[in-house]
Amino acid sequence: MTVRWPLILMCLVLLSGCAKAAGETARLRVPQLVGMELGVAQKETQELGLVLFPSGLTAGSRCRTDAVCRIYTMSPAAGARVAWGSRVKVKFLTTTETAFYHRNPTMPKLTGRSSFYAAALLDPVIGLVYVSADPEPRLRAGVDRVMTQVPEPGAPLAVGERIKLTIRYNRGDQQDRFCARRWWC
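Per numbering that gives the first Met the number 0: the sequence shown ends with 184, consecutive numbering throughout.
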């Protein structure tokens, strides 16, 4: 019997060391995903044992299967060490949003323009546009104009930056018809 005790003790020591090693979480390095296509990033993070949590530029942004969506920001940062199964939050731009920012590195001049012009120009990022509208009886009936804008015309336009427009309008006597055609009304 005494011969078996050292063998049993050795097994217990070895097993407790294995349990400790198994209880420690392996730390994974988060890969660089910025600039990568969303589908490729999804595959890469899954292979590493991480969970990709994508969201678009706006609440309405969706990455269609036929579109190329590219990641523009991520959290945690590339190179950070995280546990297996951790979430990696990314924000992506759709093809039309990317094209908008390439065409408009600075804020275009919208003051003095109609809301139709502003809506057509800002359509890819319309979810980032906030509008305040007030009546202006000095305008011709049925007309509206952008009176102020933030950011100012010519200011650098950062991806995801909120755009604020103040619109003045004169509905005239055809209120229903006027509002039926305006996205901000």
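C-beta atoms are modelled at their ideal positions from N, C-alpha and C, and glycine is treated no differently.
Treat the numbers as computed from the prediction; the structure is a model and nothing was measured.
- Annotated three-state conformation of Gln41 is helix, per DSSP.
- Taking each of Val149, His101, Leu127, Ala66 in turn and checking the Cα distance to Thr110, the smallest one comes out for Val149.
- Between Gly153 and Met106, the alpha-carbon positions lie close to 5 Å from each other.
- Between the region 163-175 and the region 68-82, the count of C-beta pairs closer than 8 Å stays below three; the two stretches do not touch.
- Arg61: not part of any beta strand (DSSP E); DSSP gives it neither H nor E.
- Note on geometry: alpha-carbon atoms of Leu49 and Ala118 lie some 39 Å from one another.
- The Cβ-Cβ distance between Thr72 and Val33 falls below 8 Å.
- Excluding its 5 nearest sequence neighbours in each direction, Gln45 has C-beta neighbours in its own chain below 8 Å: Leu51, listed in chain order.
- Nearest to Pro30 by C-alpha distance, out of Val67, Val89, Cys68, Gly55, is Val89.
- Only residues of its own chain outside the window of five on either side were considered, and among them Asn169 have a CB closer than 8 Å to the CB of Pro136, listed in chain order.
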